[in-house]
Amino acid sequence: MKNWRCREVTMKTILCLFLTIVSLPATAAGLVSIDGALTEIIYRLGAGDRLVAVDTTSVYPQQAQQLPQVGYMRQLSAEGILSVKPDLVIASRDAGPEAVFEQLKAAGVNIVRIKTPDTVDGVADKIQQVADALEIPEKGQALARQVTQESRQVLAGIPQNLSADTLFLLGGAGRGLMAAGQHTRAQAFMDLVNANNVFHHQGYKPVTAEGALQAAPEFVLVGHTGPANSGSAREVLAMTPAAQNDRVHSVDVGLVLSFGPRLPQALKQVAGLLYPQPD
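Counting in the numbering used here, the sequence shown runs from 9 upward without gaps.
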């Protein structure tokens with residue numbers, strides 16, 4: 009009788025272990041994220057433990073910095089990605105080269121490419137696409153709804169009868185300060201916060217002291233990826249209305265231009281700089 013009971017317990021234990029194994033999601037391991045915003049979304053969805061590697065733009069949250077890196081998102085190599093044995097790669101459409109993704113597909117890696125507009129609705133769609141790829145659509149719906157509601161709440165408080173003349177600068181490595189023009193993420197963000205871009209060129213171009221003075225921005229946002237670098241900008245902008253009125257502000261590019269789940273915080277921060285409330 010005792011041996012029979014032991015065998016019964018053993019069979020039950022084996023059955024439970026088997027059911028646990030087969031019920032694990034297919035995406036439980038081997039996930040690589042290529043784009044900082046996508047990595048943030050994965051963590052916010054509670055799936056950060058699935059990641060085995062990220063790209064160099066994935067610096068938030070801090071846990072992402074502890075993972076192996078597969079390189080810069082626009083200069084990837086198939087060998088680097090395959091070395092971490094991924095089952096699934098979630099990447100921005102801006103990542104490349106395209107030949108790398110063809111090599112990954114040929115190696116049997118599942119690829120999900122994501123590209124959405126730089127808008128509130130676009131961020132919500134981005135969140136949902138990531139959640140769908142991870143087979144957790146309900147979590148995606150909840151997070152997308154939260155980010156949308158919080159973003160629209162901030163936008164509702166931005167004055168529509170004011171439009172701050174704004175210059176957005178990026179510190180280009182080895183190229184000095186670059187002014188954001190049209191068809192850039194900086195422009196898309198300025199559109200959201202009702203800021204008027206004082207430059208109308210396409211893309212990013214170097215800015216001189218003379219050009220900045222002629223544009224006469226009321227506010228300057230200096231995007232940085234490391235320590236604040238608004239000091240160097242002040243030298244170029246010394247004679248502009250923004251500098252004269254102490255309205256040159258340093259902002260985190262990873263926050264402001266990622267168009268990820270921290271969009272509400274980015275909107276709140278920049279809106280507070282452009283439209284400060286009286287004490």
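Glycine included, every Cβ here is placed at the ideal spot set by N, Cα and C.
Just so you know, these numbers come straight off a predicted model, no measurement behind them.
In this chain, the alpha helix (DSSP H) harbouring S159 covers P145 to A164.
Judged by DSSP secondary structure, K213 falls within the beta strand (DSSP E) whose first and last residues are Y212 to P214. Counting only runs that start and end inside the stretch 235 to 287, the alpha helix (DSSP H) elements of at least 4 residues fall at 238 to 244, 249 to 252, 261 to 264 and 271 to 282.
Burial is judged here by how many other beta carbons sit within 10 angstroms of a residue's own beta carbon; S91 has fewer than 16 and is exposed. The three-state reading of DSSP puts L200 in helix, counting H, G and I together. Of all alpha-carbon atoms in D57, P76 and A55, the one lying nearest the alpha-carbon of T65 is that of P76. Your pair V131 and G268 checks out as a contact, with CB atoms roughly 7 Å apart and the cut at 8 Å. For V230, the closest alpha carbon among the candidates L271, Q154 and L185 is that of L185.
DSSP, reduced to helix, strand and coil, places L84 outside both helices and strands of the structure shown, so it counts as coil.
Inclusion of V40 and V108 in the CB contact set at 7 Å is not warranted, their separation being larger than that value.
Cβ-Cβ separation between A187 and V162: approximately 26 Å, too far for a contact (criterion under 8 Å).
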